[in-house]
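Below: the structure, in structure tokens.
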Amino acid sequence: MDVKSRHHLRDDAVDEIETAVADHLGVELDADSYEKVEFEDSDWNVVLLDGEPLVLYVGDDETEPFLTVQGANEYPPERGVVTVDAGAVSFVSDGADVMRPGIVEADEGIAAGDLVAINEEAHGKFLAVGRAMTDGGDMVGDSGKVVESIHHVGDELFEFTV
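Positions in the sequence shown are counted from 1; adding 168 to them yields my numbering.
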């Protein structure tokens, strides 16, 4: 991924990111510098916190700041989490959408359309970020796709380094 532009964010933009992440995930970000990075060859727009790609903007209008996989592992979310079993780990890590049979737990506060962080039950590590296709209370079950994958371990964003 080739960097097109990189610039420090103004205080009001930092406040918007911190508020959105705190409201949605229950996480308080703590960094000295916030820099937005746009890429030549990708639709990702990322915010570096102290030089690490920990926040990404999701959606065409860039109004949804959310943690990257690295960000979720650095600042583990308290809300908006979907937990998968060991059998789902390899699929989710390869970018597959999340299916009901692989889910062992989902935050009841998740609404269809919400961004969610996907972790694995054995070690609590975050594997992916996705968009809920159903409410959290309806995610555990026998069949059907319930989370669309957006970003995952091993994708180009995960591999990006400054």
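Cβ coordinates follow ideal geometry from the N, Cα and C atoms, glycine included.
Please report how far the alpha carbon of residue i lies from the alpha carbon of residue j, in whole angstroms.
i, j, result
"isoleucine 366", "phenylalanine 259", "Examination of residue 366 is not possible in this model, given that the chain is present from 169 through 330 alone."
"tyrosine 202", "aspartate 310", "42 Å"
"arginine 299", "threonine 231", "15 Å"
"glutamate 246", "methionine 267", "22 Å"
"valine 171", "valine 314", "33 Å"
"valine 195", "proline 244", "7 Å"
"serine 317", "leucine 224", "14 Å"
"lysine 204", "alanine 181", "10 Å"
"glutamate 183", "glutamate 327", "In the sequence on display, residue 183 carries aspartate and not glutamate. Roughly 27 Å between the two C-alpha positions."
"valine 249", "isoleucine 185", "19 Å"
"aspartate 191", "arginine 178", "20 Å"
"arginine 174", "alanine 256", "36 Å"
"tryptophan 212", "glycine 312", "28 Å"
Are there 16 or more other CB atoms within 10 angstroms of the CB of residue i, so buried, or fewer, so exposed?
i, result
"histidine 176", "exposed"
"valine 330", "exposed"
"threonine 251", "buried"
"glutamate 208", "exposed"
"glycine 304", "buried"
"alanine 138", "Outside the displayed range of the chain (169 to 330) lies residue 138, so it cannot be described from this structure."
"aspartate 282", "buried"
"alanine 240", "buried"
"glutamate 324", "exposed"
"alanine 199", "buried"
Using 9 Å as the threshold, is the C-beta distance between residue i and residue j below it?
i, j, result
"valine 189", "proline 233", "yes"
"alanine 274", "leucine 193", "no"
"histidine 291", "valine 237", "no"
"valine 226", "isoleucine 271", "no"
"glutamate 289", "alanine 254", "yes"
Worksheet item: Touch check for the segment 256-271 and the segment 203-219: three-plus C-beta pairs under 8 Å?
Response: no
Worksheet item: At which residue ranges does the segment 251-288 contain complete beta strand (DSSP E) runs of 3 or more residues, listed in the order of the chain?
Response: The beta strand (DSSP E) runs of length 3 or more contained entirely in the segment 251-288 are, from start to end of the chain, 271-274, 283-288.
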